[in-house]
Amino acid sequence: MRITNTLTGEKETFEPIHAGEVKMYVCGPTVYGLTHIGNFRPVVFFNVVRNYLERKGFKVTYVSNFTDVDDKIINKAREQEISASEVSEKYTEEFIKDVESLGIRRPDKAPKVTEFIPQIIDFIAGLVKNGSAYVAENGEVFFSVRNFQEYGKLSKKKIDDLQVGARVDPNELKRDPLDFSLWKPQKAADEPAWESPWGPGRPGWHIECSAMAMQYCGETFDIHGGGMDLIHPHHENEIAQSEGLTGKPFVRYWMHNNLLTMESEKMSKSLGNIFLTRDFVKKHSAETLKFMLLSGHYRSPIDFSEKHIRDVDAALHRIYSARLKCESFPTEDLAPGGEGSTEENKLVAFSKEFPKLWQDAMDDDFNTAKAAGYLFEYVRAVNAYLDRKKFKPNEKALELCQNFVAALEDYSSVMNVLGENSETFLQSLRLRYLAANGISEATVLEKIAQRREARQSKDFSRADALRDELLEKGVEVRDAGDVSTWDIVISPKA
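Residue numbers (this note's numbering): 4 to 497.
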């Protein structure tokens, strides 16, 4: 198995520090508001990473934190005239609800910053003691960036080339503009504060993750993940303060997912181009969101659009329809053996190849997009075999259908998608698209009944007109002798 390591810029063979065990830390949310779908790209992806590592036989310790003390939380508390702890507790609960609505397993450990204040204070004290950090006259503690000679090795930025800006604010108390805060003194009575050797205050943003990660994963651990927008300064600063304290490499493999964008701009609350997670799930589905977030390689951006959503729903429709077809395959009165057709032989071959193909894709830097491509190929082979007019149910076909259903269950256990009941999911999808197209299921059935009468009376122009009318509403009618069935057509829209 190979992983692209942001630290080296290379795709490297994965070798955990301790054989058979993986320690993994992923930066979690700052809990000051409801999550948007962009927040969930790392949540969805790194859950898949955890699942796949477990499938490979590793014992995984997966840690993801809650930042429950922060300027944004304090500002929200002032806006709502409640305490900062009330804000963080409320939105921690709301985040967990969103995670559960997507059917995602919780991390093994989900520490909160406010539960780790003693460890954070000890961490900072160690940095002050060894000269990596200094105390300003107001009690603020800063990390001295220039004392860590390897600063910039993750982001490939040289200290002298770094510009002061973004989250690196000019501060006259700093010895250097690039130095960052480890401990912030209390400035107002409504700010959360804890006693420390430097006076009452609270942790800076970066120090919390180092302290919590080391507590559960050790001074050096296997995988640290997060969004690529955290590479600098957050993860760069984590490395500096962690290695500044221990003198040891902090993390062996750094993994960063790319962003979810809207018209090529990062999705963020500050830009106002967000789609709340719960609103998306209500309007579309949890399956749609998860499949969409896994539809591209994790290191590539995903541009969110209505067309993309329709493409994802069309893909889910194809997969679930093929699975339902196989789940509904007759088990009695079957012709013995198989038919030896070209389509059958292709399906037999691919059903044997599929498990290795998608797992090879995952072994190659967790390429979920490539794995999904093989799944689509499998679906095409199933449909090509079962949808022929001359096809007659036989024992070999039943075996191939059962193999497909089992293969999907196996795939789903890692990807955490395609685990819904086929009939229930497809009916929900149908109703959603019928509503979007301004037609009810009752109206569809009524028009199909009218069309059946027109066909029986040989009024074929009327039958064709009704078929075309339904097609304009995204409903396709299929005739098999005297029997007509229907389904939705999910066509892309610009």
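Built from N, CA and C at the ideal position, the CB exists for glycine as well.
What distance in whole Å lies between the Cβ atoms of residue j and residue i, which are believed to be in contact at a cut-off of 8 Å?
| i | j | result |
| --- | --- | --- |
| isoleucine 277 | leucine 185 | So it is not a contact: roughly 31 Å between Cβ atoms. |
| proline 19 | aspartate 225 | 5 Å |
| leucine 506 | phenylalanine 48 | With the chain represented from 4 up to 497, any question about residue 506 goes unanswered, as that position is not in the structure. |
| isoleucine 234 | leucine 157 | 6 Å |
| glycine 23 | lysine 62 | 6 Å |
| valine 480 | arginine 470 | 5 Å |
| arginine 81 | aspartate 164 | Not really, about 37 Å apart at Cβ, beyond 8 Å. |
Do residue j and residue i have their beta-carbon atoms positioned less than 9 Å apart in this structure?
| i | j | result |
| --- | --- | --- |
| glutamate 211 | phenylalanine 119 | yes |
| tryptophan 257 | threonine 9 | yes |
| threonine 70 | aspartate 111 | no |
| threonine 345 | serine 104 | no |
| alanine 325 | phenylalanine 407 | yes |
| arginine 433 | aspartate 485 | no |
| serine 298 | threonine 371 | yes |
| threonine 33 | isoleucine 76 | yes |
| tyrosine 414 | leucine 378 | yes |
| methionine 215 | proline 114 | yes |
| arginine 108 | asparagine 42 | no |
| glutamate 143 | lysine 187 | yes |
| glycine 228 | valine 102 | no |
| lysine 399 | glycine 340 | yes |
| leucine 401 | isoleucine 322 | no |
| threonine 7 | arginine 391 | no |
| glutamine 244 | alanine 136 | yes |
List the residues that DSSP assigns as beta-bridge partners of residue i.
| i | result |
| --- | --- |
| isoleucine 6 | Glu15 |
| tyrosine 137 | Phe145 |
| proline 206 | Trp186 |
| phenylalanine 268 | Correcting the residue type first, residue 268 is glutamate in the shown sequence and not phenylalanine. Bridge partners of glutamate 268: Met265. |
| tryptophan 197 | Gly204 |
| alanine 338 | Asn397 |
| histidine 311 | Histidine 311 pairs with nothing; no bridge assigned. |
| phenylalanine 224 | Val254 |
Where do the ends of the alpha helix (DSSP H) carrying residue i lie?
| i | result |
| --- | --- |
| threonine 291 | 289 to 296 |
| glutamate 356 | 345 to 366 |
| isoleucine 85 | No alpha helix (DSSP H) holds isoleucine 85; DSSP gives it neither H nor E. |
| serine 431 | 425 to 439 |
| glutamate 479 | No alpha helix (DSSP H) holds glutamate 479; the beta strand (DSSP E) holding it covers 478 to 483. |
| serine 245 | 239 to 249 |
| lysine 285 | 280 to 286 |
| glutamine 152 | Here glutamine 152 belongs to no alpha helix (DSSP H), and DSSP marks it neither H nor E. |
| alanine 128 | 120 to 132 |
So what's residue i in DSSP terms, helix, strand or just coil?
| i | result |
| --- | --- |
| alanine 497 | Interpretation of alanine 497 is limited by its pLDDT of 39, a score under 50 that renders its predicted location unreliable; the figure taken from the coordinates is listed afterwards. Correct three-state label for alanine 497: coil. |
| glutamate 330 | helix |
| lysine 392 | coil |
| serine 460 | coil |
| tyrosine 35 | coil |
| threonine 446 | helix |
| leucine 181 | coil |
| threonine 70 | strand |
| asparagine 370 | coil |
| phenylalanine 379 | helix |
| histidine 300 | coil |
| isoleucine 322 | helix |
| phenylalanine 98 | helix |
| histidine 21 | coil |
| lysine 115 | strand |
| valine 171 | Because valine 171 carries a pLDDT of 48, less than 50, the predicted location of this residue cannot be relied on, and the following value inherits that uncertainty. Coil, per DSSP. |
| isoleucine 451 | helix |
| isoleucine 277 | coil |
| glycine 41 | helix |
| valine 47 | helix |
| asparagine 54 | helix |
| valine 417 | helix |
| leucine 157 | coil |
| methionine 215 | helix |
Hey, could you find the ends of the beta strand (DSSP E) residue i is sitting in?
| i | result |
| --- | --- |
| isoleucine 491 | 486 to 491 |
| arginine 2 | Nothing can be reported for residue 2: it is not among the residues displayed for the chain, which extend from 4 to 497. |
| aspartate 306 | 305 to 307 |
| asparagine 260 | 254 to 260 |
| methionine 231 | No beta strand (DSSP E) holds methionine 231; DSSP gives it neither H nor E. |
| tyrosine 28 | 24 to 29 |
| lysine 62 | 62 to 67 |
| threonine 264 | 263 to 265 |
Is it the case that the CB of residue i approaches a heavy atom of the ligand COA more closely than 8 Å?
| i | result |
| --- | --- |
| glutamate 198 | In the structure on display, the ligand COA does not appear, and there are no ligands present to speak of. |
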